[in-house]
Amino acid sequence: MVRNEFSKKISIVGFLLCTTSFAVKCSDAERLQSSQPPIVLGIAYDVSGSMFKNKNTVLQTTHIDSLISIVKLKGGALAFGLIHDQSFEPLIRLSLEPVTGRLDERAQKNRKNKGAITQFRSSLSTLLSQPRKSRYTDIHGALERFTLLFNEPGFPVDSKKLFLFLSDGLHDQRRKIYQAVKFPENVTVVAVGLKSKIALKLFKGKILQFESVDAAVSYIMRMEN
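Going from the sequence shown to this note's numbering is simple: count from 1 and add 182.
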């Protein structure tokens, strides 16, 4: 009888220690997550014919999922726009909260984030499935729209801002000559397929160049995880 009571006490103590240890680990993870600045990620995707000649420059669903996971982890916003003949169209946007707080708060944020991601993916799928009927390529329209995004006053001051530019940069000269973008200084530009001379004109050479979307997304994942 004494041995059974002793065993019960040991089991209870062990359970409490495990529970406490789990709570401490969760608390530490939340503190680490909440201490990370939110991320604002813009994606400009060129759907002109010249970009589809090379499969390395084609954006896949897996790339989008990876980038969403970064925003989901840290909180922040993801915005997507096409580069075609109407590039100044409103961006498709996704806003996510970092999942922290009490269990009920975490569950609520998870549900909200899940709904937002589902809606974003649906809008993105609709956009990408539209037939390509571009009469010309308007690079500047897209860059002007993302300039508005990165200069919005609503983002926290410590936000990390990334711009994934998936384009060779070839622009229809009937529209405008190449002009340097007016991004804030804290925007990191990651480019795929962009010609060096055009990179110099648009971004003054201050970009990270990659030869494939895979490599660019992998770099962003390593940098932000």
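Beta carbons: idealized from backbone N, C-alpha and C, even for Gly. Just so you know, these numbers come straight off a predicted model, no measurement behind them.
The ligand ATP heavy atom lying under 7 Å from the CB of residue i
| i | result |
| --- | --- |
| T308 | The model on display carries no ligand, and the ligand ATP is accordingly not part of it. |
Residue i and residue j closer than 8 Å at C-beta
| i | j | result |
| --- | --- | --- |
| V371 | K388 | yes |
| V257 | V222 | The question names Val, but residue 257 in the sequence shown is Gly. Cβ distance not < 8 Å, so G257 and V222 don't count as in contact. |
| S394 | N295 | no |
| G336 | A381 | no |
| G224 | L331 | yes |
| L309 | L264 | yes |
| Y360 | L376 | no |
| I354 | D396 | Note that residue 354 is Asp in the sequence shown here, rather than Ile. Their beta carbons are not under 8 Å apart, which means D354 does not touch D396 by this criterion. |
| S269 | A324 | yes |
| H266 | S311 | no |
Candidates the options: closest to residue i by CA position
| i | options | result |
| --- | --- | --- |
| D228 | P220, F262, D247, H245 | F262 |
| D247 | S304, I265, K364 | S304 |
| T300 | S277, Q312, H322 | S277 |
| M403 | K377, L384, L346 | L346 |
| H322 | Q391, F365, H245, Q242 | F365 |
| R293 | V363, E271, K254 | K254 |
| S349 | Q218, P220, P219, A226 | A226 |
| Q218 | H266, V339, A398 | V339 |
| E367 | V399, S341, E279 | S341 |
| E334 | V369, A298, P313 | V369 |
| F302 | I250, E271, V399 | I250 |
| T243 | K386, S307, I252 | S307 |
Cα-Cα separation between residue i and residue j, rounded to whole angstroms
| i | j | result |
| --- | --- | --- |
| V281 | Y318 | 43 Å |
| I274 | R327 | 11 Å |
| A289 | L260 | 22 Å |
| M405 | R284 | 29 Å |
| L344 | A362 | 17 Å |
| Q391 | G297 | 34 Å |
| E279 | K291 | 7 Å |
Three-state secondary structure (DSSP) of residue i
| i | result |
| --- | --- |
| Q218 | coil |
| D228 | strand |
| T370 | strand |
| K343 | strand |
| G351 | coil |
| Q361 | coil |
| I252 | helix |
| L273 | coil |
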